[in-house]
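Undergrad: Here the sequence shown is numbered in this note's numbering, starting from 1129 and rising by one per residue.
Glycine is no exception: its CB is placed at the ideal position from the N, C-alpha and C atoms.
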Amino acid sequence: MLNKDMDEEIFELMLVDDEDGVFANSFVHSGAIEKDFVFFGKEEMLFKSVNDEKRLVAGPLLVPNKKILRVDGEGKRYFVYFTPETIEKIARKFMKDGNGHEVTLEHGDKKVNDIYLTESWIVAQSAKDKSNLYNFTLPIGTWFGVYKVENDEVWEKVKDGTFRGYSIEGLFEHRKSDIKLALEKSIDELTEDEAKEILKTIHSMLMPGVELAEPTITNTYPGEIASGSISPAKI
């Protein structure tokens, strides 16, 4: 799967202009692929009804280094992702702009009343985060949100499974991923920083819940035992 995915273009989504960022969240049943917006697939965005009396739903809004499938206007597949640093900027800008009340249904044009964000934070420790209380274990850097649903019609659809998760709506700058650029080079042409980036990105794709120590790259000659190598993952 990894090799197949690496054949696709990979872009990092970034905030560059003032217009960039997440301007709304949508309650959806399953993900969609759109040209102008970034939507999660259903396996990545599920929320949970955490309090029927208070009508609260909770779940991840953005997960760092998670590849999201997109399709351009010509039907060509490619992937996008957000770094933890960008996700933190997105979350702060979202709150600063007062977008907690901006909610749509299935990415419709009409905003829905009586649904709003009550809590939002960035996961700092996967195994010791408040999201664990909601039975989530998420990668460090995940943007997590809790919404209050006072809209009776929407709440009934949350309970019956019509709406199962969040899906962001936003505009972002696309930059070709450093790892994709590095993979287009031969091994001998890689810099140490590029080699580290490849290792970290592959690790985040295969083991997103495990923190990786800073890699140490040591040059050796044939037959020589390296004095340093890739540091083991910290679990």
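If you draw a straight line from the C-alpha of F1207 to the C-alpha of K1285, how long is it?
TA: Going from the Cα of F1207 to the Cα of K1285 covers about 31 Å.
Undergrad: DSSP has N1153 in a bridge; who is on the other side?
TA: Note: N1153 sits in a beta bridge opposite V1231 and I1296.
Undergrad: By how many angstroms is the C-alpha of N1260 removed from the C-alpha of E1181?
TA: Answer to the nearest angstrom: the Cα atoms are 20 Å apart.
Undergrad: Count the other CB atoms within 10 Å of the CB of D1145; is the residue buried (16 or more) or exposed (fewer)?
TA: Result: exposed.
Undergrad: Look at the alpha carbon of K1304 and the alpha carbon of N1227, and state the distance between them as a whole number of angstroms.
TA: Answer to the nearest angstrom: the Cα atoms are 28 Å apart.
Undergrad: Measuring straight from C-alpha to C-alpha, what distance separates I1121 and N1279?
TA: Residue 1121 falls outside the range modelled here, since the chain spans only 1129 to 1363, and no answer is possible.
Undergrad: Taking 8 Å as the limit between beta carbons, can you name the residues of its chain near L1143, skipping five residues before and five after?
TA: Correct list, in chain order: G1149, T1214, K1217, I1218, K1221, F1300 and E1301.
Undergrad: Please tell me whether N1153 has its Cβ less than 9 Å away from any Cβ of chain D.
TA: Chain labels in this structure do not include chain D; a single protein chain is all it has.
Undergrad: Using a threshold of 9 Å, state whether the C-beta atoms of I1296 and N1153 are closer than that.
TA: Yes.
Undergrad: Which residues mark the beginning and the end of the beta strand (DSSP E) in which A1186 is found?
TA: Element bounds for A1186: L1184 to L1190.
Undergrad: Below 9 Å between beta carbons: does that hold for F1264 and P1188?
TA: Yes; because the gap between Cβ atoms is below 9 Å, this pair is in contact.
Undergrad: Around the Cβ of T1270, are there at least 16 other Cβ atoms within 10 angstroms (buried) or fewer (exposed)?
TA: T1270 is buried by the Cβ-count criterion.
Undergrad: Could you please give the first and the last residue of the uninterrupted alpha helix (DSSP H) stretch that includes K1204?
TA: That residue, K1204, is in no alpha helix (DSSP H); it is neither H nor E in DSSP.
Undergrad: Taking the continuous beta strand (DSSP E) assigned at K1304, which residues delimit it?
TA: Element bounds for K1304: E1301 to K1304.
Undergrad: Only counting the same chain, and skipping five residues up and downstream in sequence, which positions put a Cβ closer than 7 Å to that of S1254?
TA: Closer than 7 Å at Cβ, skipping near neighbours: T1265, L1266, P1267, I1268 and G1337.
Undergrad: Name the one or two DSSP bridge partners that L1266 has.
TA: The partner list for L1266 (beta bridge, DSSP) is empty, contrary to what the question assumes.
Undergrad: Which residues bound the beta strand (DSSP E) around F1222?
TA: Counting along the chain, F1222 falls outside any beta strand (DSSP E), though it belongs to the alpha helix (DSSP H) covering P1212 to K1224.
Undergrad: DSSP state of V1274, grouped into three classes?
TA: V1274: strand per DSSP, three-state reduction.
Undergrad: So A1186 and K1176 are supposed to be a Cβ contact under 8 Å. How far apart are they, rounded?
TA: About 6 Å; that satisfies the 8 Å criterion.
Undergrad: Check S1254 in the structure and name its three-state DSSP category.
TA: Residue state, collapsed to three classes: coil.
Undergrad: Going by DSSP, what residue range makes up the alpha helix (DSSP H) through E1140?
TA: Unbroken run through E1140 is the beta strand (DSSP E), E1137 to M1142; no alpha helix (DSSP H).
Undergrad: Tell me whether R1205 is buried or exposed, calling it buried when 16 or more other Cβ atoms sit within 10 Å of its Cβ.
TA: Under this definition R1205 is an exposed residue.
Undergrad: Let me check understanding here. Comparing Cα to Cα, which of F1151, G1273, G1203 and V1282 lies closest to E1230?
TA: Answer by Cα proximity: F1151.
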